[in-house]
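In our numbering, the protein residues as written are 8 to 288.
All C-beta atoms in this analysis are idealised placements derived from N, C-alpha and C, irrespective of residue type, glycine included.
Scroll down for the structure; my scribbles are underneath it.
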């Protein structure tokens, strides 16, 4: 596990102990110590790597090499406490780790003295430094079994083919192509002409009821005519504004903009949940 951030090791240890206190799930040996690991060439921090206090510093370096890639012979190890203060430099490869009395949550900081190390200058973390294989468009066009070739074959069979259509058919669904963008500035003007502010309305589909608060065009919405509705219940999506521009006033969550074709005006009183019909039991 890696960690990036500025939280102090002591705070992280306290949080870990709070979560795992008396869980009995770790089954950690008395000689085991869990240490964080940082590296002079890496931004990442490696959390809770387990070490045995009876390991020699040389064995510690060999274990660290599998995590960070630095050569054993070019590592300098520094032991730090919870607050990042240096406790000791682990300079004697023959000594056991326990000689330095490390505690859970302390940090081993690796200093890689090899200027040609593969971790130097961000080579293990900066993907922009990695040479990428590039294929020319001509070479890709000549390859067989590519997505581009398969797409051409599908379009030759069905000019309306698209990936979304293929996925819908695979699911056993009927694919409905997306509607083309509306370019007519007077779209549904005729339907809007029969609607005026103050009328009661019902929206279909859905059957939601409310009052007409706005009739007109909205510069922040697609072209054409729009009807602004204040619903009787908080089943709307806005407060009478669209993309930062206000068109009418209503409480947040009560407003909605509808195309005129979806708005039926007439005698639509608010729905009374307690108004039961005599024919209904």
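- Residue range 64-75 is occupied by the alpha helix (DSSP H) that includes residue 75.
- Three or more Cβ pairs drawn from the stretch 60-72 and the stretch 84-104 lie within less than 8 Å of each other, which places the two stretches in contact.
- Of the candidates 121, 219, 244 and 41, 41 places its Cα closest to the Cα of residue 87.
- No Cβ-Cβ contact shorter than 9 Å links residue 230 with residue 256.
- Here the C-alpha atom of residue 141 lies approximately 23 Å from the C-alpha atom of residue 159.
- By the criterion of a C-beta distance shorter than 8 Å, residue 104 is surrounded in its chain by 40, 58, 59, 60, 61, 62, 63, 64, 67 and 97, once the five residues flanking it on both sides are discounted.
- Assignment of residue 120 by DSSP, reduced to helix, strand and coil, places it in the coil class.
- Pairing residue 194 with residue 232, the inter-Cα distance amounts to about 6 Å.
- Here residue 80 is not near residue 71, since their CB atoms are 9 Å or more apart.
- Contact between residue 202 and residue 181 is absent: CB atoms are separated by about 32 Å, not below the 8 Å threshold.
- With 16 or more other Cβ atoms from the protein chains shown falling within 10 Å of its own Cβ, residue 208 counts as buried.
- Just measuring C-alpha positions, the residue of 272, 247, 204 and 146 sitting nearest residue 211 is 272.
- Per DSSP, the beta-bridge partners of residue 86 are 95 and 115.
- For residue 49, the enclosing beta strand (DSSP E) starts and ends at 49-59.
- The shortest CA-to-CA distance from residue 191 to any of 179, 224, 85 and 112 is the one to 224.
- Residue 228 has its alpha-carbon roughly 27 Å from the corresponding atom of residue 275.
- A direct Cα-to-Cα measurement between residue 84 and residue 123 gives close to 18 Å.
- The C-beta distance from residue 237 to residue 261 rounds to 5 Å, short enough to fall under 8 Å.
- In the structure shown, residue 206 adopts coil according to DSSP, grouped into three states.
- By the 16-neighbour rule on beta-carbons within 10 angstroms, residue 82 is buried.
- Sixteen is the threshold: since fewer than 16 other Cβ atoms of the shown chains lie within 10 Å of the Cβ of residue 162, the residue is exposed.
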